[in-house]
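full-length UniProt numbering puts the first residue of the sequence shown at 1, with every later residue one more than the last. C-beta: ideal position from N, C-alpha, C; glycine also. Down below is the structure, laid out as structure tokens.
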Amino acid sequence: MEAFNFWKYLDNIAQPDNFDYNLKMAYSLDFRRKVLSVREKKGLTIAEVAARFDVGVASVTRWVKNIHRKPQGFRQRKIDLDVLRQDIRDYPDAYQYERAKRLGVAQNAIFLAL
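This is how it looks when you write it as structure tokens:
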């Protein structure tokens, strides 16, 4: 029986022409459970099961330690949204760089907050 090849499976799924195959992906919980289940049932090493499912050894090692993904969390905003709202009311036609200068943050912080 041929080993399951995740990348071959992906190639059979219709992808847009601009799909980036180097894109980092989070593996589903079902897939991670399947990998660990096969490892346990067949008595495979981490390297063997990683090769069989065409995933990284480091990924399988992390799954053995903790199968659940770590929450990514949210960045703490550098800008108070109430202050930003008030600035928008006071200066509705201001450019982002002007607003950023007034509030003492980077223009990107204004962009992300809007």
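Count the other CB atoms, across all protein chains shown, that sit within 10 Å of the CB of residue i; report buried if there are 16 or more and exposed otherwise.
i, result
"I67", "exposed"
"A26", "exposed"
Along the chain, where does the alpha helix (DSSP H) containing residue i start, and where does it finish?
i, result
"L114", "Taken as a continuous stretch (DSSP letters only), L114 belongs to no alpha helix (DSSP H), as it is neither H nor E."
"Y97", "Q96 to L103"
"K65", "V57 to K65"
"I46", "I46 to F53"
Using only alpha-carbon positions, find the residue among the options that is nearest to residue i.
i, options, result
"V64", "A109, R33 and R89", "R33"
"R102", "A113, V83 and F53", "V83"
"D4", "V35, R89 and A100", "Rather than Asp, the amino acid found at residue 4 in this sequence is Phe. Cα-wise, what sits closest to F4 is V35."
"V38", "D30, S28, V49 and L29", "V49"
"E31", "I88, Y91, Q107 and F53", "It should be noted that the sequence gives Phe, not Glu, for residue 31. Comparing Cα-Cα distances from F31 to each of I88, Y91, Q107 and F53, the minimum goes to F53."
My assumption, with CB atoms under 8 Å, is that residue i sits in contact with residue j. Please give the rounded CB distance.
i, j, result
"I79", "Q96", "About 12 Å separates the two Cβ atoms, so there is no contact after all."
"V55", "I46", "Not quite, the Cβ-Cβ distance comes to about 10 Å (not below 8 Å), so this is no contact."
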